[in-house]
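Beneath this line is the structure, given in structure tokens, with notes to follow.
In the working numbering, the protein residues as written are 41 to 368.
Right, dumping it as structure tokens:
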């Protein structure tokens with residue numbers, strides 16, 4: 041009797057692939073080849089499961105072309121690469137990997153904020169270029185983080201973890217805006233205060249974006265929002281590309297309407313607006329906020345847990361659309 045077949049669309053830890061092989065016939069992609077849409081569709085034909093990453097789009101057309109597909113396990117927290125209404129309409133389960141990357145991403149997000157505030161990338165370039173000749177009182181002076189006002193847009197798990205670092209580690213005043221206010225018992229330990237978006241923009245010394253991408257959050261930070269920020273403020277994005285209007289941000293940084301920015305995500309990544317490269321006051325990293333060995337391994341293992349459970353009669357630990365399970 042033939043075994044259930046699954047596709048692993050991107051390279052992952054070999055031991056995770058071997059674990060999947062204990063349960064399924066597995067077609068993997070150890071060379072991490074960038075498959076076209078047509079190649080992905082051809083390889084997915086006859087497969088019941090897909091282990092994907094955020095760079096692998098799965099929409100209604102692909103689902104219709106692969107009617108045997110029952111579950112897509114996304115190795116990411118965000119899932120804007122998945123058309124969830126289409127999944128629901130076709131009874132296909134989607135899963136993601138929340139929680140396992142919260143603390144690692146919060147570490148990196150806070151580090152990016154520090155780098156922007158203290159001009160660390162700019163300072164390294166200055167030193168490497170041989171420009172450091174003598175001390176001056178105003179050489180590469182930045183802004184303090186300790187005691188400053190930390191603004192967070194999107195107060196989920198990662199936002200709360202960044203807020204803890206700011207409040208408890210750096211004595212920052214924490215304000216945030218979210219669709220729903222946190223319970224008082226979650227706000228109190230870090231002194232977090234819910235404010236409307238206009239107040240958040242006006243009061244934050246360092247604004248960090250940690251909200252999920254959706255059509256509603258597209259360009260949540262655009263020209264008008266940047267104009268509402270303090271000229272001394274910094275902006276850090278570890279959420280998703282598209283939440284910030286990159287062209288508007290480049291203009292604001294070039295004209296010094298905000299002091300600095302730190303970005304791990306971009307519109308259209310891995311392509312990004314080359315206008316960022318000419319700016320001294322921006323820190324740029326290539327979507328690596330969760331990139332530690334331990335965290336990426338935990339993400340891959342959780343994606344495998346979801347795939348195995350969904351296709352062997354178990355309960356996937358982190359479904360995105362659990363109503364599909366209830367309907368089966």
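Even for Gly, the Cβ is constructed at its ideal location relative to N, Cα and C.
Predicted, not measured: the structure shown is a model, and the values here were computed from it.
What span of residues does the beta strand (DSSP E) with residue i cover, start to end?
i: residue 67; result: 65-67
i: residue 213; result: 213-217
i: residue 133; result: 133-135
i: residue 112; result: 111-114
i: residue 48; result: 45-48
Cutting at 6 Å between CB atoms, please list the residues of its own chain near residue i, excluding the five before and the five after it.
i: residue 110; result: 88
i: residue 182; result: 157, 158, 159
i: residue 259; result: 285
i: residue 307; result: 281, 282, 286
i: residue 325; result: 304
i: residue 345; result: 357
Restricting to Cα atoms, I'd like to know which of the options is closest to residue i.
i: residue 364; options: 105, 128, 79, 62; result: 128
i: residue 253; options: 267, 268, 193, 288; result: 193
i: residue 269; options: 178, 93, 190; result: 190
i: residue 242; options: 274, 222, 221; result: 274
i: residue 331; options: 116, 105, 345, 85; result: 116
i: residue 196; options: 219, 180, 208; result: 219
i: residue 201; options: 163, 140, 309; result: 140
i: residue 318; options: 83, 290, 105; result: 290
i: residue 255; options: 119, 54, 84; result: 119
i: residue 71; options: 224, 94, 237, 53; result: 53
i: residue 294; options: 208, 83, 203, 321; result: 321
i: residue 203; options: 257, 168, 143, 108; result: 143
i: residue 105; options: 78, 334, 222, 131; result: 78
i: residue 185; options: 125, 224, 101, 246; result: 246
At which residues does the alpha helix (DSSP H) containing residue i begin and terminate?
i: residue 239; result: 237-243
i: residue 346; result: 333-351
i: residue 122; result: Per DSSP, residue 122 belongs to no alpha helix (DSSP H) and is neither H nor E.
i: residue 84; result: 77-84
Once the 5 residues before and after residue i are set aside, which same chain residues still bring their CB inside 8 Å of it?
i: residue 278; result: 145, 148, 149, 152, 198, 248, 249, 250, 304, 305, 329
i: residue 46; result: 60, 64, 65, 66, 67, 87, 88, 89, 90, 91, 347, 351
Near residue i, which residues of its chain fall below 7 Å by C-beta distance, leaving aside the five closest residues on each side in sequence?
i: residue 267; result: 297
i: residue 69; result: 48, 49, 50, 51
i: residue 97; result: 121
i: residue 288; result: 262, 263, 266
>> Report the start-end ranges of each beta strand (DSSP E) in the region 240-321 that is 3 residues or longer and not cut off at the edges.
In response: 246-249, 274-277, 300-303
> Do three or more CB pairs link the region 313-324 to the region 334-341 at distances below 8 Å?
Replying inline: no
> Okay, do the region 350-368 and the region 135-146 touch, 3+ Cβ pairs below 8 Å being the bar?
Replying inline: yes
>> When you compare the region 298-306 with the region 151-166, are there three or more beta-carbon pairs, one atom per stretch, that lie closer than 8 Å?
In response: yes
>> Is it the case that the region 205-225 contacts the region 181-190, given that we only count it when at least three CB pairs across the two stretches are under 8 Å?
In response: yes
>> Three or more C-beta pairs under 8 Å: does that hold for the region 218-234 against the region 165-179?
In response: no
> For the region 130-181, which segments carrying the alpha helix (DSSP H) assignment without a break, of at least 4 residues, lie completely within its bounds, in sequence order?
Replying inline: 142-157, 160-168
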